[in-house]
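A short worksheet on the structure shown next.
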Amino acid sequence: MRKLPDYPVRDAIPALQRALAEHGRAVLAAPPGSGKTTTVPLALLDEPWLRDQRIVMLEPRRVAARASAARMAQLMGEAVGETVGYQVRFDRRVSNATRIEVVTEGLLTRRLQSDAELPGVGLVIFDEFHERSLDADLALALTLDARANLRPELRVLVMSATLDTARVAALLDGAPVIEASGRMFPVDLRYLGQKPDARLDDAMASGVLRALAETRGDVLAFLPGAREIRGTQRQVESSAAAKDLVVRPLYGELSSAEQDLALAPDAQGRRKLILATNIAQTSLTVEGVTTVIDGGYVRAARFDLGAGSNRLDTLRVSRAAADQRAGRAGRLGPGVVYRLWSQDQQGALAAHDTPEILAADLTRFALELASWGAGDPAQLALLDRPSAANWNYARDLLLALGALDSAGRITPHGRALSRLPAAPRIAHLMLVARDRGLAQSGAWLAAALDERDPGGSTDLVERVARLAAGSPDPAQRRRVDETVRQTLRLLGEEPRSARSASTLDHDGLPVLVSVAFPERLARRREGLRELSSGGPRGAREVAFLCADGGEARLPENDPLARAEWLAIAHWDPGATRRIRLAASLDEAAVRAAHADRLVSHREVRWDAQQDIVVAEEQQRLGAIVLSARRIADAGEAGRTAMIAGIRRLGLGCLPWNESARQWQARVQSLRAWQPEGAWPDVSDDALLATLEDWLAPHLDGVTRRAHLDALNLPDIFNGMLDYAAQQQLQKLAPTQLTVPSGQRRGLSYAAGAPPTLEVKLQEMFGCLQTPTVCAGRVPVLLHLLSPGQRPVAVTQDLAGFWERGYIEVRKDLRGRYPRHPWPDDPRAAQATHRAKPRGT
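Quick note, the sequence shown lines up with residues 1 to 840 if you use the UniProt record's numbering.
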């Protein structure tokens with residue numbers, strides 16, 4: 001066995017070797033400082049089961065991949081690219097002699113998609129798996145699937161510092177879990193209690209100056225992004241403490257040389273301050289660092305479903321991430337950690353970071369699964385399943401880009417997209433650009449879209465032209481040039497030798513943007529909108545209707561606000577999409593570039609502003625109507641739209657009269673009085689819910705609110721009952737009753753109450769019992785009236801009234817109405833509706 005460095009993980013190596021030899025899979029739980037990244041691959045290199053095959057080890061970041069390969073090569077006394085090599089984006093140092101290859105996660109997926117058997121590879125190691133990147137989850141799922149179906153002898157090892165190892169072991173079909181000890185020196189934790197309203201770079205600069213004064217050795221400070229790093233660097237370098245200090249930024253957009261410079265000891269022996277994002281959080285032991293200052297934030301991608309794009313959110317770190325960062329200070333000896341937050345805030349942090357599969361855009365992930373032949377994430381071994389909403393969005397976008405067919409299978413175009421190391425949108429843009437002879441323009445456009453926080457003008461064409469002419473920022477110029485060169489190489493094109501904006505097709509750029517972001521193609525709406533939030537008071541915005549039906553906005557003073565059409569590339573996600581980068585184009589270009597997406601559509605809808613049904617034959621691009629022609633007869637669709645309008649207006653828009661309301665009350669009353677009957681529910685709520693059944697047949701030619709006045713509602717209601725039910729309604733709940741005087745008097749109904757009969761008292765003489773309805777079940781409520789038509793009694797007990805109440809009424813009224821009869825015994829008197837003739 002080759003000589004290994006004296007790291008704590010060495011004690012776990014024998015158990016790990018046995019587990020892989022016997023089971024072919026294992027989980028190694030090793031805390032920070034255990035040396036697992038550089039020791040484990042070297043310890044397994046001479047295992048008999050490896051048989052001169054390669055070890056491929058995945059690292060989550062380029063800087064870690066290169067640094068770990070360099071450290072292992074150093075331990076072997078070799079140069080990188082011999083026994084130990086690496087491959088990251090735009091950088092590859094491997095040879096035929098390479099046996100340990102350190103790669104970033106996406107590259108393993110590419111290799112698996114090219115040849116799922118992974119020929120020549122005997123072991124795949126997933127390092128720092130606790131970071132749970134989407135690429136790592138995908139690469140592990142594909143590796144396990146290949147092992148199960150193609151290469152059962154392929155070994156798989158998952159290594160992690162902070163992870164639920166039981167879940168991972170179960171995912172690996174009950175793999176053995178080996179635990180290694182760490183070697184952490186004591187770390188003095190100091191909480192600085194940063195004020196909530198303090199700028200992060202101000203607070204970090206203050207913390208750095210304090211740490212420089214209180215500690216020795218190099219300092220590693222964690223910040224969420226390049227903007228905060230630059231702000232902190234400016235403040236520290238302008239202070240007196242910077243006299244013998246070298247400040248080194250460390251973030252993903254820097255070149256490999258710049259990243260290596262941050263990690264290496266200073267050539268002049270000066271004290272070093274490293275201002276880093278979370279790329280320095282794991283895998284790296286930075287020589288000389290004894291102090292860590294943690295800003296407590298991380299910038300992470302979060303998918304905004306409403307906007308259809310990732311947004312970069314600045315989030316609080318988790319407790320696990322904070323512990324990882326603190327571990328950087330205790331790798332080489334006792335250290336000090338300054339945390340800008342308070343100890344109370346520490347307890348409120350989330351335990352772990354959210355896995356990317358639950359939070360990020362899944363479009364590339366869905367494309368890779370389709371390329372693998374898996375139409376559903378459930379077909380693969382994943383620790384977490386993505387949400388249905390995010391998964392469905394990704395599949396729908398791939399369908400719109402032509403990457404999937406209607407059955408969800410990958411198309412030839414989709415396979416071509418999957419072979420390009422870019423997001424599906426950008427890969428689609430690159431292929432369309434190549435096919436249209438615009439490869440140079442497409443390459444520069446792809447590079448511009450890859451740049452973060454562009455700032456300045458929202459005009460994307462202007463921005464691409466500036467980059468093509470040469471960015472004033474050397475780091476950006478180098479990065480963009482490399483992106484363009486690699487993009488053209490992937491497209492089989494040769495880059496132009498001269499740097500010039502003249503290589504761009506300015507008319508073609510907006511079209512390329514529109515095909516990459518088809519749902520963000522937008523047309524200007526009339527009028528201005530008040531600024532919803534932020535910005536100067538009274539400022540207004542121009543709104544653009546997007547093909548996906550949403551709205552995007554620009555300040556009215558933005559030059560692009562005058563454009564009729566925009567191809568939008570970037571916007572700020574949220575309730576109000578504010579455009580950050582877009583390109584203007586005309587309708588002719590839109591129609592030519594998206595001819596296959598134009599559809600004829602019959603639109604029949606209720607216009608709530610005019611209270612009419614609008615029926616049109618439209619030509620549409622998504623939600624955008626390009627042209628419309630009115631339709632005279634919309635048929636069933638017109639009736640449906642009118643029903644929708646009535647529901648919006650409410651049932652009160654119908655021509656109700658007393659007859660209609662009484663019919664409704666009679667039927668509702670019978671439902672209560674005859675529970676065993678089959679009377680329909682005709683309450684307002686029920687009528688509104690069933691408009692299609694009883695009202696729609698009467699809406700031919702009815703296309704506006706005013707037309708409703710011509711409807712005969714009582715007849716329409718009566719049509720809801722068959723002939724037998726109509727007869728029963730009249731018999732059981734009549735609209736009139738014949739009283740003893742021989743006259744017919746109207747009944748008034750109200751749901752939940754007995755029917756009311758208003759009748760002059762003299763017309764009821766001789767009637768001994770209260771009249772009833774519903775086959776004698778319900779006594780009528782009598783309103784007995786004086787000759788002057790004023791109520792003198794309200795009763796459902798006429799017999800009781802004659803016996804007890806009539807005497808008092810007779811006493812009070814016979815002197816006032818002498819021409820009307822007031823017999824002593826009304827039960828035996830003749831009923832009449834007339835007064836006595838004058839003089840009698």
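Note that CB positions come from ideal geometry on N, CA and C, so glycine has one too.
Under 8 Å by Cβ, that's how I've got E556 and R540 pegged, so tell me the actual separation to the nearest angstrom. 5 Å
Nearest-angstrom Cα separation, counted from V336 out to A350: 23 Å
Expressed to the nearest angstrom, what Euclidean distance is found between the alpha-carbon atoms of R155 and L28? 13 Å
Does M1 come out as helix, strand or coil in the three-state DSSP assignment? Because M1 sits at a pLDDT of 47, beneath the cut-off of 50, its placement in the model cannot be relied upon, and the following sentence gives the value as read from the coordinates. Three-state result, M1: coil.
What residue range is occupied by the uninterrupted beta strand (DSSP E) comprising Y393? First-last for Y393: A388 to A400, but that is the alpha helix (DSSP H), not the beta strand (DSSP E).
Segment contact flag, the segment 129–145 with the segment 364–374, C-beta cutoff 8 Å, min 3 pairs: yes
Along the chain, where does the alpha helix (DSSP H) that runs through Y723 open and close? Y723 to L732
Only counting the same chain, and skipping five residues up and downstream in sequence, which positions put a Cβ closer than 8 Å to that of Q346? Y191, R319, A322 and R339
Who are H570's beta bridge partners in DSSP? L581
Touching or not, the segment 719–734 and the segment 679–698, by the rule of three or more beta carbon pairs under 8 Å? yes
At 3 residues or longer, and completely inside the segment 571–638: list those beta strand (DSSP E) runs for me, N to C. 577–585, 599–607, 612–621 and 624–630
Looking only at its chain, what residues have a beta carbon closer than 6 Å to the beta carbon of A241, apart from the 5 residues adjacent to it on each side? L209 and L212
Would you decide whether E105 is buried or exposed? Buried here means 16 or more other CB atoms lie within 10 Å of its CB. buried
Can you tell which of V168, P31, G33 and S68 has its C-alpha closest to the C-alpha of residue 841? Here the chain covers residues 1 to 840 and nothing more, so residue 841 does not appear.
Taking only three categories from DSSP, how would you classify P41? helix
Could you give the distance in angstroms between the alpha-carbon of D684 and the alpha-carbon of L315? 51 Å
Kindly indicate which residue of R602, G296 and D11 has the alpha-carbon position closest to the one of A180. D11
Among R661, G330 and P196, the one whose alpha carbon lies nearest that of I716: R661
Measure the alpha-carbon distance for L429 versus P573 and round it to whole angstroms. 22 Å
How many angstroms separate the CA atom of V613 from the CA atom of E356? 47 Å
Below 8 Å, can you find three or more Cβ-Cβ pairs linking the segment 52–59 to the segment 184–202? no
Compute the Euclidean distance between the alpha carbons of V778 and T735, then round it to the nearest angstrom. 14 Å
Nearest to L649 (by Cα), restricted to the options E616, A394 and A706: A706
Whole angstroms are fine: how far does the CA of P421 sit from the CA of R258? Reading the sequence as shown, one finds Glu at residue 258 and not Arg. Approximately 23 Å, taken between the alpha carbons.
Under DSSP, the alpha helix (DSSP H) around S371 begins and ends at which residues? T363 to W372
Could you work out which residue in E237, E287 and Q281 is closest to L261 when comparing CA atoms only? E287
Boundaries of the beta strand (DSSP E) in which T165 is found, first to last residue: That residue, T165, is in no beta strand (DSSP E); its alpha helix (DSSP H) goes T165 to L171.
Own chain partners of P823 with C-beta closer than 8 Å, once the 5 adjacent residues on each side are dropped: F765 and A829
Residues that DSSP places opposite P779 in a beta bridge: T772
Please classify S34 as buried or exposed, where buried requires at least 16 other C-beta atoms within 10 Å of its C-beta. buried
Segment limits, beta strand (DSSP E) that includes E482: It is not in any beta strand (DSSP E) - E482 instead sits in the alpha helix (DSSP H) that spans P474 to L490.
Roughly how many whole angstroms lie between the Cα atoms of S658 and R311? The sequence shown places Glu at residue 658, rather than the Ser named in the question. Taking the straight line from one Cα to the other gives about 60 Å.
Quickly, what does DSSP pair N310 with across the bridge? List them, please. F303
Does N278 pass the burial test, meaning 16 or more other C-beta atoms within 10 Å, or should it be called exposed? buried
Straight-line CA distance for R523 to C546? 7 Å
If you follow the beta strand (DSSP E) that V88 is part of, which residue opens it and which one closes it? V84 to V88
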